[in-house]
Amino acid sequence: GENVEQHPSTLSVQEGDSAVIKCTYSDSASNYFPWYKQELGKRPQLIIDIRSNVGEKKDQRIAVTLNKTAKHFSLHITETQPEDSAVYFCAASRGGTSYGKLTFGQGTILTVHP
Amino acid sequence: KAGVTQTPRYLIKTRGQQVTLSCSPISGHRSVSWYQQTPGQGLQFLFEYFSETQRNKGNFPGRFSGRQFSNSRSEMNVSTLELGDSALYLCASSLGMRRGPPQETQYFGPGTRLLVL
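Top line first, the protein sequences correspond to chains A and B. For what it's worth, our numbering labels the leading residue of the first sequence as -16, then goes sequentially. For what it's worth, our numbering labels the leading residue of the second sequence as -9, then goes sequentially.
Next up, the structure:
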C-alpha cells in the first residue's frame, strides 16, 4: 500500500523566516496531494493541495511543489508568523477505486518564534 | 454551508464496552471517510462510505465497523473496546459525486475524543 514519509518531524523558525516541509510517497499512481494544518485541539484544515498534472501551486505565502519523477512534494511557507505555529500533515491519494482514502505523513510540528 | 459535525465530542468508556460515533457531512457531500488519530500512529484511514456502501477499508480489525444512511450521515462503531482504541476519531466528507475520479477535497469534522479506561 501507499506509504508517505514526512520530514522534519519538528521545525523551529524565527518570525519572518521561511519554512519548508518535505514528503515522499511510494505509490506512483497517487495523483492528489493535500496539506493540512492542525492547531492544538482543532480539526485538520486544508491549506493547499496539488494534483499530479501541476508542478507548482501558490496561494499567498504558501506554495507546494510536486516532483512526480522523484515522488516527492514540498510545502513552502514564506514570511512565517506566530499564527503559523501548528502541526502540518501531508497526504497522498490515488483516487479512483481508492477514493476517500488519504494516506498521511507523520506530521511536522512547526513553531514560529516572535 | 455548515461544516462537518461529529457527536459526541468526548467519550469515556471502559474496556470491553462498545461505542458508536456519529458524523454529519457537509450538505451535498456523499462520501464520508473515517480516520483514527493517535500520537504514535498519526492519522490512519479506517473506511469510506458512499451512497450507503462501504467502498474502501483500512487495516483495522473487524471490531471497527461503520454504516451510512440515506441522508449521507455516517456512524462508526467499535466493539469490545481495548485500551489502544483511545484516540481522536475524525470523519471527513467530500463530494464523491462520481465514481473513479481523482480524490476531491476532504473536509474534516472536529473529531470525537475517545478515552478507554
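Glycine residues also receive a C-beta, built at the ideal position from the N, C-alpha and C atoms.
Quick check on DSSP: helix, strand or coil for residue i?
i         : result
A/Thr63   : coil
A/Gly83   : coil
B/Leu73   : helix
A/Lys41   : strand
A/Lys5    : strand
B/Ala(-8) : coil
A/Gly78   : coil
A/Ala69   : strand
B/Asn46   : strand
A/Asp32   : strand
B/Thr4    : coil
B/Gly32   : strand
B/Gln41   : Just to set this straight, residue 41 of chain B is Ser in the shown sequence, not Gln. If DSSP states are grouped into helix, strand and coil, B/Ser41 belongs with coil.
A/Asn50   : strand
Using only CA atoms, which one of the options lies nearest to residue i?
i          : options                               : result
A/Thr7     : A/Lys40, A/Asn50, A/Ser1 and A/Glu39  : A/Asn50
A/Asn14    : A/Thr48, A/Thr63 and A/Ala75          : A/Ala75
B/Phe59    : B/Pro29, B/Gly99, B/Ser14 and B/Gln26 : B/Ser14
A/Glu(-12) : A/His96, A/Cys73, A/Glu62 and A/Gln28 : A/Cys73
A/Asp0     : A/Gly88, A/Ile45, A/Ser81 and A/Glu62 : A/Glu62
A/Val37    : A/Trp18, A/Arg26 and A/Val47          : A/Val47
A/Ser11    : A/His96, A/Thr94 and A/Asn(-14)       : A/Asn(-14)
A/Asp42    : A/Trp18, A/Ser68 and A/Leu23          : A/Trp18
A/Ala53    : A/Lys25, A/Ser68 and A/Ser35          : A/Ser35
B/Gln44    : B/Gln34, B/Gly56 and B/Phe35          : B/Gly56
B/Val(-6)  : A/Val95, A/Asp67 and A/Gln28          : A/Gln28
A/His(-10) : A/Gly88, A/Pro97, A/Ser68 and A/Gln64 : A/Gly88
B/Ser69    : B/Thr4, B/Ser23 and B/Gln93           : B/Thr4
A/Lys20    : A/Arg77, A/His96 and A/Ile45          : A/Ile45
A/Thr(-7)  : A/Gly79, A/Gly78 and A/Ser68          : A/Ser68
B/Ser23    : B/Leu80, B/Gln31 and B/Arg53          : B/Leu80
B/Phe50    : B/Ser62, B/Gly30, B/Pro29 and B/Asp75 : B/Asp75
Quick test of your reading: residue i and residue j, contact by CB under 8 Å. State the CB separation rounded to the nearest angstrom.
i       : j        : result
A/Lys40 : A/Ile30  : 11 Å between Cβ atoms; not a contact.
B/Arg20 : B/Thr102 : About 21 Å separates the two Cβ atoms, so there is no contact after all.
A/Thr91 : A/Val70  : 7 Å
B/Ala82 : B/Gln26  : About 12 Å; that fails the 8 Å criterion.
B/Leu71 : B/Gln8   : 7 Å
B/Ser12 : B/Glu65  : 5 Å
B/Glu38 : A/Tyr82  : 7 Å
B/Pro73 : B/Leu1   : The residue you asked about is not Pro; residue 73 of chain B is Leu in the sequence shown. Rounded, the Cβ-Cβ distance is 14 Å, inconsistent with contact.
B/Gln93 : A/Gly78  : 4 Å
A/Arg26 : B/Gly32  : Contact doesn't hold; Cβ gap of about 15 Å is too wide.
How is the beta strand (DSSP E) around residue i delimited, first residue to last?
i          : result
A/Lys20    : Tyr15 to Gln21
B/Thr102   : Thr102 to Val106
B/Asn67    : Ser64 to Val68
B/Gln27    : Ser21 to Thr28
A/Asp0     : Run containing A/Asp0: none; DSSP gives neither H nor E here.
A/Gly24    : Careful: A/Gly24 lies outside any beta strand (DSSP E) and carries neither H nor E.
B/Ser12    : Val9 to Ser14
A/Thr91    : Thr91 to His96
B/Gly56    : Phe54 to Gln58
B/Glu94    : Neither: B/Glu94 is in no beta strand (DSSP E) and is coded neither H nor E.
A/Glu(-12) : Val(-13) to His(-10)
inquiry  = Check whether the stretch 58 to 71 of chain A and the stretch -6 to 6 of chain A are in contact - that is, three or more C-beta pairs closer than 8 Å.
reply    = yes
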